[in-house]
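Worksheet for the structure shown next.
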Amino acid sequence: MKSRLFIHIGTHKTGSTAIQRALKAGEKECLGEGLVRLNCHELLTKREWSPKDNSELQFWLRHNRERHSGASHRFLISSECLSGDPMTGYDNAPMLASRLRELTRDFDVKIIVFLRRQDDFIESLYTQKIHEGNSMTFGDFLDGIDPETMNWHKLLESYALQFGRENIITRVYHKDCYPKPQDIIVDFCKMIGLRPEVLKHRLQTVRNQGFSMEAVEMARMCNPSLDPVRRKQLRQMLQVASAKPVFQSYSYLDLEARRKILSVHEDSNDRVRRDYMPAGDDSGLFPRPDEPESPALISSETALTVNLVKALLEFKEAENRSGLLRLAMKLERRWHHLRQRWSRRGGRTSTAIPVVMQARPPLRPKVLEKQA
0 MKSRLFIHIG THKTGSTAIQ RALKAGEKEC LGEGLVRLNC HELLTKREWS PKDNSELQFW
60 LRHNRERHSG ASHRFLISSE CLSGDPMTGY DNAPMLASRL RELTRDFDVK IIVFLRRQDD
120 FIESLYTQKI HEGNSMTFGD FLDGIDPETM NWHKLLESYA LQFGRENIIT RVYHKDCYPK
180 PQDIIVDFCK MIGLRPEVLK HRLQTVRNQG FSMEAVEMAR MCNPSLDPVR RKQLRQMLQV
240 ASAKPVFQSY SYLDLEARRK ILSVHEDSND RVRRDYMPAG DDSGLFPRPD EPESPALISS
300 ETALTVNLVK ALLEFKEAEN RSGLLRLAMK LERRWHHLRQ RWSRRGGRTS TAIPVVMQAR
360 PPLRPKVLEK QA
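Okay, structure coming up:
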């Protein structure tokens with residue numbers, strides 16, 4: 000009997016990071032429930048793939064399967080990179096699916112896919128680029144992609160061709176499907192045969208927090224002047240000062256633009272619903288878009304400024320505490336070094352007072368006479 004292997008391929012911007020962090024934080028509990036997480040996605044998604052890579056990874060997978068040969072063991076690989084390149088509409092998904100099929104023939108494979116409505120996907124993908132250090136405007140970003148390539152049915156068919164439609168588990172990533180932040184973790188646990196309690200309590204510490212449209216704009220303007228370390232620090236502060244609720248849409252696209260994008264994908268989205276979603280649901284694949292809220296820029300920017308100043312002060316306070324701690328550790332290391340030197344020179348014990356700190360011995364009589 001083949002071992003069950005779940006391959007979670009994202010897609011991008013559908014809660015993958017939160018799921019992966021929860022899995023990592025609860026790895027011990029997962030093992031206790033028979034789930035083995037396999038970390039091989041970096042090798043799987045290599046651009047240059049050689050026969051040597053293929054044989055080495057096959058050997059590694061076989062070794063893990065034999066190592067955890069109990070009937071209750073399941074395996075999991077999770078990486079949104081396995082869906083392909085989002086900037087090209089995942090046009091390299093067929094190659095990745097074929098590679099995975101070749102490597103996993105000894106497993107009973109189930110593919111897990113989360114799909115996001117195309118307009119929300121585009122906006123969220125743009126903010127991710129800013130998080131990564133880019134400084135392009137949203138207009139420039141749109142010029143560099145083709146929204147028409149974001150055909151989710153084509154993506155699913157790439158994997159169905161290799162693994163069969165019956166082995167593709169598809170979910171819609173939207174607030175109507177997951178009203179509470181922990182709901183996606185609960186659903187994912189059910190898919191892979193875990194009790195939800197195993198990972199549910201991990202959610203609050205592992206969320207990949209986004210930040211507001213105003214904060215994105217601030218990061219965009221600052222990125223060219225910051226090195227990677229400072230960009231990361233700015234991102235952390237903005238996540239604290241101006242966090243964005245999960246599933247809240249950005250307002251880069253107006254309602255007309257959203258409808259235009261979705262009209263292009265109306266047919267392919269309907270085919271996803273028909274071919275990959277539970278029977279009996281005659282509604283559309285995604286909820287219809289609402290009129291985006293017009294951000295109150297003045298009040299939002301004021302609130303962002305106030306919160307950012309607070310965050311800076313908190314970071315400064317933490318830095319001061321950290322500085323004192325580093326000084327104490329430095330003095331402790333110096334003290335330990337002096338004790339070791341004194342001990343090697345024949346001191347009484349390693350706790351003896353170093354020679355440099357002992358009281359000076361009284362002068363000998365000859366010295367006193369000479370001074371007189």
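Everything in the sequence shown is counted per numbering that gives the first Met the number 0, starting at 0 for the first residue and increasing by one. C-beta: ideal position from N, C-alpha, C; glycine also.
Delimiting residues of the beta strand (DSSP E) encompassing S97: Run containing S97: none in the beta strand (DSSP E); it sits in the alpha helix (DSSP H), 92 to 102.
Range of the contiguous beta strand (DSSP E) that encloses D107: Taken as a continuous stretch (DSSP letters only), the beta strand (DSSP E) holding D107 covers 106 to 114.
Own chain, CB closer than 7 Å to I167, minus 5 neighbours either side, in chain order: Only residues of its own chain outside the window of five on either side were considered, and among them I110, V112, L155, Y158, A159, Y275 have a CB closer than 7 Å to the CB of I167, listed in chain order.
Which listed residue (I18, L141, N222, I183) has its alpha carbon closest to that of I260: Looking at the Cα atoms, L141 is the closest of the given residues.
Cβ-based neighbour list, C29, same chain, cut-off 7 Å, excluding 5 preceding and 5 following: L22, R36, L193, V197
Own chain, CB closer than 6 Å to E147, minus 5 neighbours either side, in chain order: V263
Backbone secondary structure at R194 - three-state DSSP: coil
As assigned by DSSP and simplified to three states, the class of H72: coil
As assigned by DSSP and simplified to three states, the class of K369: Reliability fails at K369, whose pLDDT of 44 lies under 50, so the model's placement of it is uncertain and no value is given.
Contacting residues, own chain, Cβ-Cβ under 8 Å from C188 (five flanking each side not counted): Correct list, in chain order: R194, P195, V197, L198, K199.
Reduced DSSP secondary structure (H/G/I, E/B, other) of I168: strand
Expected contact under 8 Å - CB spacing of S134 and R64 to nearest Å: Actually they are not in contact, since the Cβ atoms of S134 and R64 sit about 46 Å apart, beyond 8 Å.
Rounded separation between V239 and D186 - CA only: Each residue's Cα considered, the two are about 28 Å apart.
Euclidean distance between Cα positions of S54 and F74: Straight-line Cα distance between these residues: approximately 19 Å.
The beta strand (DSSP E) enclosing L34, as first and last residue numbers: 34 to 36
Run of the alpha helix (DSSP H) containing L42, from where it starts to where it stops: It spans 40 to 43 - the alpha helix (DSSP H) in which L42 sits, taken as one unbroken run.
Range covered by the beta strand (DSSP E) that runs through I6: 2 to 7
Coarse secondary structure for A278, derived from DSSP in three states: coil
Between the CA atoms of N268 and G283 - distance to the nearest angstrom: 8 Å
T87 burial status per 10 Å Cβ neighbour count (16 or more: buried): exposed
Cut-off 6 Å between Cβ atoms - residues of its own chain near A96, not counting five sequence neighbours on either side: S157, Y158, Q161
Reduced DSSP secondary structure (H/G/I, E/B, other) of G209: strand
K410 and L124 closer than 7 Å at C-beta: Absent from the model: residue 410. The displayed extent of the chain is 0 to 371, so no value can be given.
Coarse secondary structure for K243, derived from DSSP in three states: strand
Local conformation of S82 per DSSP, three classes: helix
Minimum C-alpha distance to P244 - residue among T169, G14, R46: G14
The alpha helix (DSSP H) enclosing Y158, as first and last residue numbers: 151 to 162
Counted within 10 angstroms of its Cβ, other Cβ atoms place D118 as buried (16 or more) or exposed: buried
Proximity to P277 [Cα-Cα], best of G9, G132, V108, E165: E165
Cα-Cα separation between E131 and E32, rounded to whole angstroms: 36 Å
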